[in-house]
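So the structure is just underneath, and the comments pick up after that.
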Amino acid sequence: MNIEADNIFSSEEKKQDLYYNEIWPEIDPLQLRVEQDGKIIKLQTYRHPVSDRSKLKGVVFYIHGYGGYCEHMEYMFKHFANAGYDAYAMDQRGFGRSEGLRSWIESQETMYSDLYLFIFAAIQKYKINLQKTPLFLLGKSFGGLLSFNISSKMPTLIRGMALVVPFFKQFGDSLYRYEWLFRSLDYINPKQNIKMKSKVDTTSPYYQKYKHYFTDPYPTNDTRSRTLLIFIKEQEEAFKAVKEGRNQTPIVFVLAGKDDVVRNSTTKEIYSDINNAKSKIIEYPDADHSTITIDEDISKKMAFEIILYFDSLL
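Numbering-wise (the UniProt record's numbering), the sequence shown opens with residue 1 and increments by one.
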């Protein structure tokens with residue numbers, strides 16, 4: 001009896017994670033290599049090109065959230081490729097399959113240097129004609145914040161963006177409450193590793209449903225003192241860009257109704273403040289900060305809505 005139950009559970013569990021193990025058609029296509037501490041390290045990239053090149057509409061660059069990575073995102077980006085958008089993704093330095101000190105963001109300059117390298121290396125290698133082929137950004141969480149700031153710095157390069165649960169403000173504001181502590185730690189030891197415990201109950205049905213994600217060894221909740229300060233600096237940069245009216249890129253803001261990581265009210269305020277007639281908000285009431293992308297059904301629905309939005313900007 002127990003053996004049968006175990007077999008049933010294993011079969012169901014295997015069925016649940018099939019989508020999570022779909023493989024990108026191209027892995028390490030850009031062959032990005034950078035220097036860190038005197039060593040050459042790899043930045044892992046991924047690509048899913050449109051198979052029928054006559055149906056190419058545009059190019060989408062994905063910027064993942066803090067602690068995340070892109071290897072298991074093919075299940076979502078295949079929809080973009082099928083809809084006419086070449087999809088590119090990169091594990092940022094120190095995360096996922098990219099090399100480098102884990103969870104370490106050395107500086108804003110280094111971070112942006114890697115992201116610009118990612119985008120412009122793709123443009124150069126695949127001879128993307130910027131006059132004919134529009135570029136789009138899709139960023140999640142901290143990646144959404146970075147996407148917003150990139151488009152503020154280079155407004156003529158990006159046709160439109162999808163910011164999924166963007167990290168404009170933390171849900172509980174603890175970043176700002178403890179900024180003094182992070183500054184002290186940064187002065188003493190900027191690489192100090194800070195362990196962050198998961199709040200997910202491992203006995204819950206929620207955990208069992210997404211066990212393939214929660215047991216994946218590559219995502220991380222850990223951080224470092226300097227990294228936390230960079231979060232704050234990037235948020236301040238975004239608020240400044242909004243105040244100065246520097247971001248004119250059309251945006252679809254995608255929110256999760258049960259998000260307990262970012263503050264949705266702040267995102268709605270930014271949407272209102274930028275006052276772009278082409279921008280819009282989509283909210284998934286039953287999604288949280290994780291399931292908005294790791295749930296197969298939610299992510300598929302979201303992908304189609306983002307595709308329709310990008311289509312409207314062509």
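Just so you know, even glycine gets a beta-carbon here, dropped at the ideal spot from N, CA and C. Fair warning: this is a prediction, and the values are worked out from it, not measured in the lab.
Short Cβ contact (9 angstroms threshold) for residue i with residue j
i, j, result
"Asn149", "Ala241", "yes"
"Lys258", "Ser225", "no"
"Pro250", "Arg102", "no"
"Lys140", "Tyr62", "yes"
"Leu56", "Val50", "yes"
"Pro108", "Ile270", "Reading the sequence as shown, one finds Gln at residue 108 and not Pro. No; because the gap between Cβ atoms is not below 9 angstroms, this pair is not in contact."
"Leu117", "Val34", "yes"
"Val165", "Ala256", "yes"
"Tyr284", "Ile307", "no"
"Ala162", "Val252", "yes"
"Ser290", "Tyr210", "yes"
"Asn275", "Pro155", "no"
"Asp311", "Ala83", "yes"
"Leu135", "Gly58", "yes"
"Ile282", "Lys268", "no"
"Phe167", "Tyr66", "yes"
"Ala93", "Phe171", "Note on identity: in this sequence residue 93 is Arg, with Ala being the wrong assignment. For Arg93 and Phe171, no; Cβs fall outside 9 angstroms."
Per-residue burial, residue i [other beta carbons within 10 Å of its own, 16 or more giving buried]
i, result
"Leu181", "exposed"
"Glu74", "buried"
"Lys169", "buried"
"Ala5", "Residue placement at Ala5 is flagged as unreliable, the pLDDT there being 38, under the threshold of 50; the coordinate-derived value follows with that caveat. Burial call: exposed."
"Gln235", "buried"
"Glu22", "exposed"
"Pro219", "buried"
"Tyr304", "With the sequence shown as reference, residue 304 is identified as Phe, and Tyr is not the correct amino acid for it. Flag for Phe304 reads exposed."
"Glu244", "exposed"
"Tyr46", "buried"
"Ser204", "exposed"
Selected residue, minimal CA-CA separation from residue i, among the options
i, options, result
"Tyr309", "Ser51, Leu137, Ile298, Met111", "Leu137"
"Gly96", "His64, Gly58, Asp260, Asp173", "His64"
"Thr110", "Ala81, Ser204, Asn276, Gln36", "Gln36"
"Leu157", "Ile123, Asn276, Phe171", "Ile123"
"Ala81", "Arg53, Val262, Leu163, Ser204", "Arg53"
"Glu237", "Ile294, Ser152, Ser198", "Ser152"
"Leu30", "Glu22, Ile23, His48, Lys39", "His48"
"Lys197", "Tyr176, Thr223, Tyr178, Glu179", "Thr223"
"Gly143", "Gly68, Leu228, Tyr213, Ile194", "Gly68"
"Leu228", "Leu185, Tyr88, Gln92", "Leu185"
"Ala87", "Val254, His79, Asp273", "His79"
"His72", "Leu32, Glu26, Tyr112", "Glu26"
"Asp91", "Ile41, Thr266, Ser272", "Ile41"
"residue 346", "Ile232, Ala277, Thr293", "The structure shown does not extend to residue 346, since the chain is modelled only from 1 through 314, so no value can be given for it."
Coarse secondary structure for residue i, derived from DSSP in three states
i, result
"Tyr85", "strand"
"Thr45", "strand"
"Ser11", "Interpretation of Ser11 is limited by its pLDDT of 47, a score under 50 that renders its predicted location unreliable; no figure is taken from the coordinates."
"Asn193", "strand"
"Thr223", "strand"
"Leu229", "helix"
"Arg177", "helix"
"Leu30", "coil"
"Gln36", "strand"
"Phe239", "helix"
Ranges of the beta strand (DSSP E) found wholly within the segment 48-74, counting only runs of at least 3: 58-63
Alpha helix (DSSP H) segments (min. 4 residues) lying fully within the segment 73-160: 74-82, 108-125, 142-153
Start-end ranges of the alpha helix (DSSP H) lying completely within the segment 262-289, minimum 4 residues: For the segment 262-289, whole alpha helix (DSSP H) runs of length 4 or above, ordered along the chain, are 264-274.
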